[in-house]
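Heads up: the sequence shown begins at 17 in our numbering, then just goes up one per residue.
All C-beta atoms in this analysis are idealised placements derived from N, C-alpha and C, irrespective of residue type, glycine included.
Predicted model only: the values in this text are computed from it and were never measured.
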Amino acid sequence: MAPQFTLDGLLARCASANWRPDQGTMLFFSGQDNVRGMEEFRTLRSRLYQLREKMPLKKLLVSSSLPREGKSFVAANLAQVLVKQHGRRVLLIDGDLRGPKLHKVLGAAEAPGLSEYLMGEQDEFAVIQRGPMENLFFLPAGKHVSSPAELVANGRLKFLMTRVEALFDWIIVDSPPAVTVSDASLLANFCDGVLLVVRSNSTPFDVARRARMEFPNNQLLGVVLNCVDGDASVYSQYYYSYYKNGSHAS
């Protein structure tokens, strides 16, 4: 039988990590309130709370069509901006077992993490990190594995999400790109909704459409259009498009 999973137990047993975040990527670690790009994430947060009034929404998958479109950046900063509002407790999960990036932008350890948990080598307490930003927790991808899709589908991820759901106000999952591998659609089955990140003047329209088709209409919440200003070195401009379908966004 698995040990009882409580907040007190998590705080007592999870790793207290000394993260060294990339200040250029982790906007809300800067200590300033007017860093370029912050307001767009606050707007996205407001949109999500509006959707939450119409549908159950706590576990959110962030994906993209292809690599290098900014999904990990969006996931990381969305987690930060959600924490900033009324002390919400947020768990950020790196579900990209093929090309994990979140540990790099956080300046955190990559392992142990999700892969070790899914293989039964570690429990929840051993793989969740608590960093310097209050109420922000991180579950890294863990060590490289040869069959990520099979691991995601082995049943332990469903158990994990059930265990952590009661302890957090939001759970943000960064996934692999949706077009290139099947992992994203598998991960979406354990979440309440999906945000799809596309890069302005970069993502081909037909590829973005293929990515959208990987997720049913009732899963896709909206699209984040990234790097609108064309500056490849600065991810700062985000626009959100929500497709209304009855009372749900699709």
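Item	Value
Cβ separation of L1 and L73, assumed to be a contact under 8 Å, to the nearest whole Å	Absent from the model: residue 1. The displayed extent of the chain is 17 to 266, so no value can be given.
Any 3 or more C-beta pairs closer than 8 Å across the stretch 218-231 and the stretch 98-113	no
Inter-residue Cα distance where the pair is N169 and Q20	Residue identity check: residue 169 is Ala in the sequence provided, not Asn. The alpha-carbon atoms of A169 and Q20 are separated by roughly 24 Å.
Sequence-distant residues of its chain with Cβ nearer than 8 Å to E181 (five each side left out)	K74, K75, I187
Where A28 falls, given that 16 or more other Cβ within 10 Å makes a residue buried	exposed
4 or more residues per run - each alpha helix (DSSP H) lying fully within the stretch 23-54	23-29
Supposed close pair V210, G111 - CB separation, criterion 8 Å	Actually they do not touch by this definition, with Cβ atoms about 12 Å apart.
Separation of S216 from S167, as counted between CA atoms	Before going on, a small fix: residue 167 reads as Leu here, not Ser. In a straight line, the C-alpha of L167 is about 33 Å away from that of S216.
Span of the beta strand (DSSP E) around D110	106-110
C-alpha distance - Q145 paired with G40, whole-angstrom precision	22 Å
Sequence-distant residues of the same chain with beta carbon closer than 8 Å to E85, five excluded per side	P193, V213, V214, R215, S218, T219, N242
For R84, three-class secondary structure by DSSP	coil
For Q145, the residue or residues it bridges with in DSSP	A31, F154
Counted within 10 angstroms of its Cβ, other Cβ atoms place G15 as buried (16 or more) or exposed	Given that the chain is displayed from residue 17 to residue 266, the structure contains no residue 15 and the question cannot be resolved.
Nearest candidate by alpha-carbon position, reference S32, set M71, F154, Y133	F154
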